[in-house]
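Residue 384 in our numbering is what sits at position 170 of the sequence shown, and the numbering runs on without skipping anything.
Ideal placement from N, C-alpha and C gives every residue a C-beta, glycine not left out.
All of these numbers come straight from a predicted model, not from anything done at the bench.
To keep things clear, I will list the structure first and then write my remarks on it.
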Amino acid sequence: MDYRIAVCDDEPQARELAQACAVQWAHKHGYSVEVRQFPTGDAFLFQYEQDKAWDILLLDVEMPGCSGVELAKAVRQQNKRTQIVFITGYADYIAEGYDVSALHYLLKPLDREKLFSVLGRAAERLHQSGRALLLELPEELVRVPLYEVEYLEVRGNYVTVHTGREAYTVKKALSALERELDARFFRVGRSFVVNLGKVRRATKKEAILESGSAVPLPRGGYEALNRAILQTL
């Protein structure tokens, strides 16, 4: 099974259309896919307690009981990898998606080609999130998914990998670790590599990451970092 997709919408016709489009997208690209429908946010969350292995969520924003945004927040507390796409009849809700790192908003009536494009982006992000750093520590081997890494910091012959919750220090050249990274990572000066997707804001002097950590920027680093972030949007 390549992808598991949940469609959550209180409108039966909207659920059927989203499911049909998702299946067509999968067949077009040669993926195997399981698509399940849920009529309410509460129905999905009940299932989610037993089964958290969902890759993509297609969520209506307004539903009786638990809304799509509330559902997304509940999922995000436990899962950063799942790709969330909101499908709504109202553009007013778009700002709320930033709180749950939504991949995209699609307006109703659903456009098949636009959904195909968004599902393609979701598949690429899922592929990227499957990659990881294997870090050889003194007493253990640790696998750190790239999507969890906030930044890497070099001091002498050692590199510390920061995830926001944990920090792992290994004796290894930064250049060697950089070869294991992907396009979401950007070198900041001699001592830091940041995950562009984790940058919340940047000033002339530092980049502030999701965890609140601050990475100092060298002279000219602010402009270079901004260009790199814009290129990844």
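Find out if the Cβ-Cβ distance for the pair residue i, residue j is shorter than 8 Å.
{"i": "Ala421", "j": "Val402", "result": "yes"}
{"i": "Asn409", "j": "Arg398", "result": "yes"}
{"i": "Ile270", "j": "Tyr217", "result": "yes"}
{"i": "Asp256", "j": "Asp223", "result": "no"}
{"i": "Leu360", "j": "Leu351", "result": "no"}
{"i": "Lys322", "j": "Ala236", "result": "no"}
{"i": "Lys266", "j": "Gln292", "result": "yes"}
{"i": "Val363", "j": "Leu349", "result": "no"}
{"i": "Glu367", "j": "Val373", "result": "yes"}
{"i": "Gly328", "j": "Leu320", "result": "The question names Gly, yet the displayed sequence has Lys at residue 328. A contact, by the Cβ cut-off of 8 Å."}
{"i": "Val429", "j": "Tyr382", "result": "no"}
{"i": "Ile301", "j": "Leu272", "result": "yes"}
{"i": "Lys412", "j": "Leu431", "result": "no"}
{"i": "Phe252", "j": "Val221", "result": "yes"}
{"i": "Arg295", "j": "Ser343", "result": "yes"}
Please state the DSSP three-state secondary structure of residue i.
{"i": "Lys418", "result": "coil"}
{"i": "Val237", "result": "helix"}
{"i": "Lys294", "result": "coil"}
{"i": "Tyr382", "result": "strand"}
{"i": "Arg250", "result": "strand"}
{"i": "Ala428", "result": "strand"}
{"i": "Leu259", "result": "helix"}
{"i": "Ala220", "result": "strand"}
{"i": "Val289", "result": "helix"}
{"i": "Arg345", "result": "coil"}
{"i": "Val275", "result": "coil"}
{"i": "Leu388", "result": "helix"}
{"i": "Arg401", "result": "strand"}
Determine which residues share a DSSP beta bridge with residue i and list them.
{"i": "Thr302", "result": "Leu321"}
{"i": "Glu350", "result": "Leu355"}
{"i": "Glu367", "result": "Thr374, Phe406"}
{"i": "Ile443", "result": "Looking at the DSSP assignment, Ile443 forms no beta bridge with any residue, so it has no partner."}
{"i": "Leu423", "result": "Val413"}
Taking only the alpha-carbon atoms, compute the straight-line gap between residue i and residue j and give it to the nearest angstrom.
{"i": "Glu437", "j": "Val375", "result": "24 Å"}
{"i": "Tyr458", "j": "Gln233", "result": "Outside the displayed range of the chain (215 to 447) lies residue 458, so it cannot be described from this structure."}
{"i": "Phe400", "j": "Ala442", "result": "7 Å"}
{"i": "Gly334", "j": "Ala416", "result": "29 Å"}
{"i": "Thr377", "j": "Leu340", "result": "18 Å"}
{"i": "Leu439", "j": "Glu225", "result": "43 Å"}
{"i": "Leu391", "j": "Arg345", "result": "13 Å"}
{"i": "Val283", "j": "Glu424", "result": "20 Å"}
{"i": "Thr254", "j": "Tyr304", "result": "18 Å"}
{"i": "Val356", "j": "Gly370", "result": "22 Å"}
{"i": "Glu395", "j": "Glu338", "result": "It should be pointed out that residue 395 corresponds to Leu in this sequence rather than to Glu. Answer to the nearest angstrom: the Cα atoms are 15 Å apart."}
{"i": "Ala286", "j": "Phe330", "result": "21 Å"}
{"i": "Ile219", "j": "Gln445", "result": "28 Å"}
{"i": "Lys386", "j": "Glu248", "result": "42 Å"}
{"i": "Arg250", "j": "Glu230", "result": "10 Å"}
{"i": "Ser389", "j": "Trp239", "result": "38 Å"}
{"i": "Arg326", "j": "Tyr245", "result": "17 Å"}
{"i": "Gly435", "j": "Ser405", "result": "12 Å"}
{"i": "Gly279", "j": "Ala336", "result": "27 Å"}
{"i": "Trp268", "j": "Ser315", "result": "16 Å"}
{"i": "His241", "j": "Val384", "result": "43 Å"}
{"i": "Gln264", "j": "Met277", "result": "22 Å"}
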